[in-house]
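The structure appears below as structure tokens.
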Amino acid sequence: MADDPLFGVHGAALALRSQRMALLASNIANAATPNYKARDFDFRKALDAATAGGSVDAAADGALGYRVPLETSLDGNTVELATEQSQFAENAIKYRATLSFLEGRISTVMQALKGE
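Below you can see the structure in the form of structure tokens.
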């Protein structure tokens, strides 16, 4: 669905949001792991790369980086739980919005196929 012209940019956006959600969940799960480095990717950069003809996985990998913490931790862990949770919640809302848009697009296509 990520490269289907029917869905446009929204197919790639949904796939990238899903990957980002998994990455943020991994950061949250490792909040107490010593020396764990929080990772995230620049969504806009990844989406631009994915829509320019690249694969969604390669686009996400190309935009991947480490999060710079606001406060340093004594154990070397860079996960700031409040930041990760707010990023996760924001991404989940945007994921749902993209999914709603795609559901509307599919519904329109289904109505057209039925002749309604």
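Letter 115 of the sequence shown, counting from 1, is numbered 116 in the numbering used here, and no numbers are missing. Built from N, CA and C at the ideal position, the CB exists for glycine as well. In this text the structure is predicted, and so the values were computed from the model without any measurement.
Top-ranked residue by Cα proximity to residue i, from the options
i	options	result
residue 63	13, 36, 51 and 74	51
residue 35	98, 69, 80 and 111	80
residue 75	65, 47, 33 and 13	33
residue 90	21, 54 and 9	21
residue 38	73, 93 and 103	73
residue 10	40, 45, 30 and 31	45
residue 69	114, 8 and 41	41
As assigned by DSSP and simplified to three states, the class of residue i
i	result
residue 43	coil
residue 105	helix
residue 115	helix
Rounded distance between the beta-carbons of residue j and residue i, thought under 8 Å
i	j	result
residue 19	residue 96	7 Å
residue 15	residue 99	5 Å
residue 29	residue 82	7 Å
Span of the alpha helix (DSSP H) around residue i
i	result
residue 15	10 to 30
In chain order, which beta strand (DSSP E) runs of at least 3 residues are fully inside the segment 47 to 102?
-> 65 to 67
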